[in-house]
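Sequence lines, in order, name chains G and C.
Our numbering puts the first sequence at residues 303 to 619.
Our numbering puts the second sequence at residues 4 to 304.
Encoded as structure tokens, the structure appears first; notes follow it.
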Amino acid sequence: MIAMARFILLRLLHTVLILFGVSIVAFGLIHLIPGNPLDILLPPEAPKEVVERLKVEFGFDKPLYVQYLAWLGRVLSGNLGTSVFTGLQVTGELLNALGNTLVLAVPAALLGFSLGTTLGTLAAFNHGKALDKVFSVIAILGLSMPHYWLGIALVVVFAVIWPVLPAAGMGGTGGLPTSWEELRCLVLPVVTLSMIPMGVIGRLVRSTVLEVISQEFPTALEAKGLRRGRIVFHVLKNAAPPALAVMGLQLGYLVGGSILVETVFNWPGSGQFMNLAIFRRDIPVLQGTVVVLASFFVLINLMVDVVQALIDPRMRR
Amino acid sequence: MVEIAAAQPLLALDEPQGAEPRSYWTTVADRLRRDRVTIGVAIVLLLIIALAIFAPWAATHDPLQGSVLGRLKPVGTPGHLLGTDETGRDIWSRLVYGGRLSLICGITPVLLATLMGGTLGLVAGIGSRVINMLVMRVVDVFYAFPSVLLAIAICGVIGAGIGNTILSLTIVFIAPIVRVTESLATQVKSRDFVEAARASAAPLPAIIRQQILPNVLGGMLVYATSLVSISIIISAGLSFLGLGVTPPNPEWGLMLNALRQAIFVNPVVAALPGVAILITSLCFNLLSDGLRSAMDIKLPS
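Here it is as structure tokens:
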């Protein structure tokens with residue numbers, strides 16, 4: 303119990319430090335280009351007094367660390383500023399978009415993880431047989447697939463050649479799907495997104511299960527006369543921690559890296575929100591999206607670490 | 004003493020009893036020679052690279068020259084074996100030329116990141132606790148960004164272009180490479196033959212060169228090869244979004260984006276650039292798998 307509390311406390315401390323670093327990177331990003339961020343925003347013929355007034359208004363006249371601390375203070379109180387382009391609050395718009403992304407990412411993760419775990423386990427228990435070989439091919443294809451292309455290919459097959467599913471969009475006003483039509487819109491992007499996690503988790507589960515099977519305890523359980531189903535359960539329980547860690551990373555990638563698939567399916571999620579911000583040179587939106595998506599990724603990893611430590615006491619170093 | 008220690012391989016080898024002990028690399032080469040999949044993959048990759056290098060000879064048309072009359076011809080059109088694109092340019096020629104930019108944008112970042120990240124990882128793995136902590140905590144911060152997000156954010160700020168694509172992907176890949184190298188180096192550092200070399204007062208550069216590097220490079224090679232696969236997919240993805248290579252340059256991701264409008268007219272032609280990305284990235288993944296099993300390496304996760 304004390305070990306667990308100590309572990310969680312240390313991990314929390316580590317996470318706070320990482321989040322601090324993440325905020326510096328997200329803030330510093332726009333200063334990768336030399337000069338004043340306003341120079342990109344404003345046309346070159348903008349009158350000098352307007353530039354000066356805007357500089358003061360956005361705080362660009364102050365030293366960088368003052369700007370950073372002011373920004374960090376606002377972000378910590380949940381205020382990501384207002385969009386330069388639309389004048390709307392970034393926080394509200396981003397949360398909306400992030401919700402739409404989760405509507406895709408969570409089912410895609412569940413599909414990818416369950417397919418990967420099932421196929422990987424089956425492959426490991428049939429090591430070297432035809433099933434194992436077929437699975438290896440599927441898994442490595444999932445890994446090597448440019449998923450944005452798979453999305454286009456699926457649209458061609460299921461929306462153009464054999465039109466049974468909608469090609470793009472959410473079919474409604476956003477948020478959780480409430481109608482049959484909205485559910486149908488989910489199918490193609492969710493299948494597209496689930497390919498990479500399926501491949502990654504499947505390969506990992508296969509190799510971990512193979513390793514666990516080669517230990518002595520499954521043979522002992524078999525000798526004891528335990529049912530096959532129970533043996534598989536014990537093997538999987540031992541193979542779970544590494545798979546869980548990678549599942550956390552994969553869910554983070556699905557949320558943070560969904561921009562390409564969202565573009566293909568014209569899905570109004572956080573990726574498209576960021577893409578728009580890039581082309582509009584909307585700095586507050588870009589900074590806000592990057593810091594929120596990266597923090598989300600960090601927090602998922604923290605949760606995974608805690609769950610891992612709960613399952614496997616060896617992790618509570 | 005140093006010689007004896009250096010001869011010790013990191014991995015147990017299946018040497019026949021009583022035979023002359025074979026070197027680690029001879030065994031690896033033997034295993035690779037017997038691995039038909041990896042040999043086949045290596046041949047396909049060499050072919051793709053050769054096509055890209057000798058594009059002026061392999062291409063049948065000018066990749067930038069279109070014709071209004073010959074737009075979106077299907078696969079198998081006489082004179083245009085793989086059809087033509089939305090402005091009537093020959094797809095085969097564009098794919099061959101496109102391989103140049105796609106391969107350069109895929110491979111260069113991994114090479115650069117392996118050089119820089121590998122050095123940092125070795126320093127962190129071998130160096131004192133303070134150095135290790137400094138390097139690894141900074142790396143942790145960059146590792147906290149999903150790779151696609153970081154690449155897109157950097158490219159979005161510094162702008163599109165070949166150089167910027169390579170720069171952003173290099174930054175993205177340094178952190179994972181440092182982590183892998185550091186953990187490989189830390190593992191090797193605690194092994195007996197390194198202790199022995201230390202005890203015999205071998206100078207640090209010699210220990211690094213003769214004991215640590217040979218045992219870390221294999222793992223780095225396997226990891227970097229699999230990263231090339233990801234790098235090709237992300238760099239083509241950046242161009243697909245309009246953040247990477249700029250038109251009219253032929254590049255696979257860019258072609259895929261331009262041909263997206265044509266999926267209703269000519270779906271097979273529109274899919275071809277994606278097939279090129281898939282085959283290349285698949286080959287690098289399979290090559291990485293082949294090298295991994297030939298070298299009998301287990302990468303830290």
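Backbone N, C-alpha and C define an ideal beta-carbon position, used for all residues, glycine too.
Bear in mind that the values here come from a model prediction, so they are computed numbers and not experimental data.
Take the alpha-carbon of A407(G) and the one of G159(C): they are about 23 Å apart. DSSP places Q517(G) in the coil class of the three-state scheme, outside both helix and strand. Here G573(G) has S560, I561, E564 as same chain residues with Cβ atoms under 6 Å from its own Cβ, once five neighbours each way along the sequence are excluded. Taking the beta carbon of I440(G) as reference, no residue of chain C falls within 9 Å; the closest one sits roughly 12 Å away. As computed with DSSP, Q391(G) is found in a beta bridge with T384(G).
Any Cβ of chain C closer than 7 Å to the Cβ of A410(G) would place that residue at the interface, and such an atom is absent.
Annotation: Cβ neighbours of I266(C) in chain G (cutoff 8 Å, chain order): I454, V457, V458, V462.
Taking CB atoms only, P448(G) has a neighbour in chain C less than 7 Å away. Around the Cβ of S131(C), a 10 Å sphere holds fewer than 16 other Cβ atoms; the residue is exposed. Contact check for A579(G) against V587(G) passes: the beta carbons are separated by less than 7 Å.
Of the candidates A156(C), V183(C), R182(C), A156(C) places its Cα closest to the Cα of L172(C).
DSSP places H316(G) inside the alpha helix (DSSP H), whose first and last residues are 304 to 330. Residue environment analysis places M497(G) among the buried positions, since at least 16 neighbouring C-beta atoms fall within 10 angstroms of its C-beta. For P59(C), the enclosing alpha helix (DSSP H) has its first and last residue at 58 to 61.
Residues of chain C with a Cβ closer than 8 Å to the Cβ of L445(G) are, in chain order, S232, N288. Pairing G121(C) with T184(C) gives a Cβ-Cβ distance under 7 Å. Put simply, the CB of V47(C) is far from chain G, with every gap to its CB atoms at 7 Å or more. Against I320(G), the close residues of chain C are D143, V144, A147, in the order they occur along the chain (beta-carbon pairs closer than 7 Å).
The Cβ-Cβ distance between I280(C) and P448(G) falls below 7 Å.
Residues are counted here when their Cβ sits less than 9 Å from a Cβ of chain C; for the segment 564 to 578 of chain G these are T565, V566, G573, M576, N577, given in chain order. In the three-state DSSP reduction, D93(C) falls in the strand class (E or B).
DSSP places T80(C) within a strand segment (E or B) once states are collapsed to three. Within chain G, not a single residue places a beta-carbon under 7 Å from that of I177(C); the smallest gap is close to 13 Å. Straight-line spacing of the CA atoms in T249(C) and F322(G) works out to 35 Å. Residue nearest to V324(G) within the set E359(G), Q610(G), V377(G) is V377(G) (criterion: CA-CA distance). Residue contact check for L421(G) against chain C: no CB pair falls below 7 Å. With its beta carbon at least 7 Å from every one in chain G, V248(C) lies outside the interface.
The beta carbon of L285(C) falls within 7 Å of a beta carbon belonging to chain G, placing the residue at that interface. If only uninterrupted alpha helix (DSSP H) runs of at least 4 residues are considered, those enclosed by the segment 423 to 474 of chain G are 432 to 446, 449 to 457. At a cut-off of 7 Å between beta carbons, Y555(G) contacts chain C. With contacts defined as CB atoms closer than 7 Å, V151(C) and V231(C) fail to qualify as a contacting pair. Shown here for G124(C): same chain residues with a beta carbon closer than 6 Å to its own, the five before and five after excluded, namely V181, T184, E185 in chain order. The segment 95 to 104 of chain C makes contact with the segment 248 to 267 of chain C, as at least three CB pairs between them are under 8 Å. Taking a cut-off of 8 Å on C-beta distances, the segment 439 to 453 of chain G touches the segment 281 to 289 of chain C, as three or more cross pairs fall below it.
Annotation for F598(G): the continuous alpha helix (DSSP H) segment containing it runs 585 to 613.
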